Amino acid sequence: MKKYIQKLPKAELHLHIEGTFEPELMFKLAKKNNISIPYKNVEEVRKAYNFTSLQSFLDIYYAGANVLVEEEDFFDLTWEYLLRCKEQNIVHTEIMFDPQTHTSRGIKFEIVINGITKALEKAKKEFGITSFLIMSFLRHLSQEEAFVILEESIPFKEKILAVGLDSSEIGNPPQKFQDVFKKAKELGYKLVAHAGEEGDTSYIWGAINLLHVDRIDHGIRCDEDEKLLEYLKQKQIPLTVCPLSNVKLKAVDTMSNHNIVKLLRAGLMVTVNSDDPSYFGGYLNDNFESLVKSLDISKEEVKKLVINSFKASFLNSVQIEKYIEMIKEV
Ligand code: HPA
Ligand code: ZN
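Per my numbering, residue 179 is the first one in the sequence shown, and the count goes up by one each step.
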């Protein structure tokens, strides 16, 4: 099955570029930019990756992002992830970035976006990897602050396909961002939001009914509400599920109790993704392998999950069909 997973051309729809920051690169950039980090070496960093909740992870994740300063830093970060994509046969990726994490430290929006997009263009040219960018608002900050970053994004609009919503979920419900999502839609952005990772089903309903999202990031708590399950199935609203993340952040106690296969068999549009692979113990293929190891999942179901990722992507229907044809041949 490992070989089969490797061979399948795959898409990734839930990936935070700041969450691909490997400790080796973090140390290198900290030194280059003369920024201190609270760890002596790479081993110490990895040891700190023992999380008890989403917040315990976010504290470390934002601290790590502090060493990203120059355009080339954002390029290097993105390029390292794209090399992993090539290695793991990920042919299409929809990448989230958190501009507020950087602009709040005085880093210019254009530094962030130019570094990331230069790497994406190089990967398209050299490896044929296609990609889109999703600009995520930090939900622990205010809606006014989200409006400021939305405004700042307008000159770079052709480089950004969608907006998203991430960071601390509980206490920061979708309704807090209703107006800025409405404005983003008017500007032509596609919409996604994290919901139902730690938050209850009201967060998923809110993302659907108040933010009008095209996809839900995570959404695993949907099975606590029969009506919601039925709705997600009927409308085929995609859920970008991240199995290793859910176990690492204790949203699920063990992989064998993960509900992704149950949701797939119930007819929901579920997909597999890596979220923050440097922090959660693996990239996309590792997520698939972990599912195969712990859950009773067939080859056909693995294939279905991979096909779902293309169907749930923001690619056009011709591109989607082309990729699905490629998968069918594997
Ligand atoms: N949830 C919320 N915010 C995040 C995550 C996540 O899994 N990863 C990076 N920011
Ligand atoms: Zn996420």
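Cβ atoms here follow ideal geometry from the backbone N, Cα and C, with glycine treated the same way. Note that the structure is predicted; figures quoted are calculated from it, not measured.
- With a threshold of 6 Å, the Cβ atom of His372 counts as near the ligand HPA, since some heavy atom of the ligand is closer than that.
- If one requires a minimum length of 4 residues, the alpha helix (DSSP H) runs lying completely within the segment 413-487 are 421-426, 438-443, 455-458, 462-472, in chain order.
- With 16 or more other Cβ atoms from the protein chains shown falling within 10 Å of its own Cβ, Val480 counts as buried.
- In the DSSP assignment, Val326 falls within the alpha helix (DSSP H) that extends over 321-331.
- Ser380 and Ala444 have their C-alpha atoms some 21 Å from each other.
- Collapsing the DSSP output to three states places Thr230 in coil.
- The beta carbon of Arg262 lies closer than 7 Å to those of Tyr461 in the same chain, with the five residues before and after it left out.
- Each residue's CA atom was taken as its position, placing Glu329 and Phe305 some 33 Å apart.
- Ser495 and Val484 have their C-alpha atoms roughly 16 Å apart.
- Scanning the segment 234-304 for uninterrupted beta strand (DSSP E) segments of 3 residues or longer gives 268-275, listed from N- to C-terminal end.
- Out of Glu272, Val450, Glu265, Glu376, the CA that lies nearest to the CA of Gln184 is found in Glu265.
- Residues Ala340, Val341, Phe359, Ala362, Lys363, Leu389, His390, Val391, Asp392 of the same chain have their beta carbon placed closer than 7 Å to that of Leu369, with the five preceding and five following residues left out of the count.
- Not one heavy atom of the ligand HPA is found less than 6 Å from the C-beta of His280.
- Every alpha helix (DSSP H) stretch that sits fully inside the segment 331-389 and reaches 4 residues is listed by chain position as 356-364, 379-387.
- Thr198 is not bridged by DSSP to any residue.
- Scanning its chain for C-beta atoms nearer than 7 Å, with the 5 sequence neighbours on each side dropped, one finds around Asn463 the residues Ile183, Gln184, Gln266, in chain order.
- Where Ile502 is concerned, the enclosing alpha helix (DSSP H) starts and stops at 495-506.
- For Ile183, the enclosing alpha helix (DSSP H) covers residues 180-185.
- Counting only residues of its own chain and dropping the five nearest sequence neighbours on each side, Ile289 has a CB closer than 6 Å to the CB of Glu249.
- Lys286 and His280 have their alpha carbons spaced roughly 8 Å apart.
- The beta carbon of Val247 is closer than 7 Å to those of Asn211, Ile285 in its chain, skipping five residues each way along the sequence.
- Contact annotation, Leu298 with Ser309: C-beta distance approximately 5 Å; criterion of less than 8 Å satisfied.
- Nearest to Glu402 by alpha-carbon distance, out of Lys209, Thr295, Trp383, is Trp383.
- Straight through space, the alpha carbons of Tyr409 and Asn228 are spaced by roughly 36 Å.
- One thing to note: Glu196 has its Cβ within 7 Å of the Cβ of Asp276.
- Shown here for Ala301: same chain residues with a beta carbon closer than 6 Å to its own, the five before and five after excluded, namely Leu260, Ile307 in chain order.
- In this structure, Glu322 lies away from Glu347, with their beta-carbon atoms at least 7 Å apart.
- Distance between Phe235 and Pro351, taken at the CA atoms: about 19 Å.
- In terms of side-chain proximity, the C-beta atom of Asp453 is found nearer than 6 Å to a non-hydrogen atom of the ligand ZN.
- Collapsing the DSSP output to three states places Asp401 in a helix.
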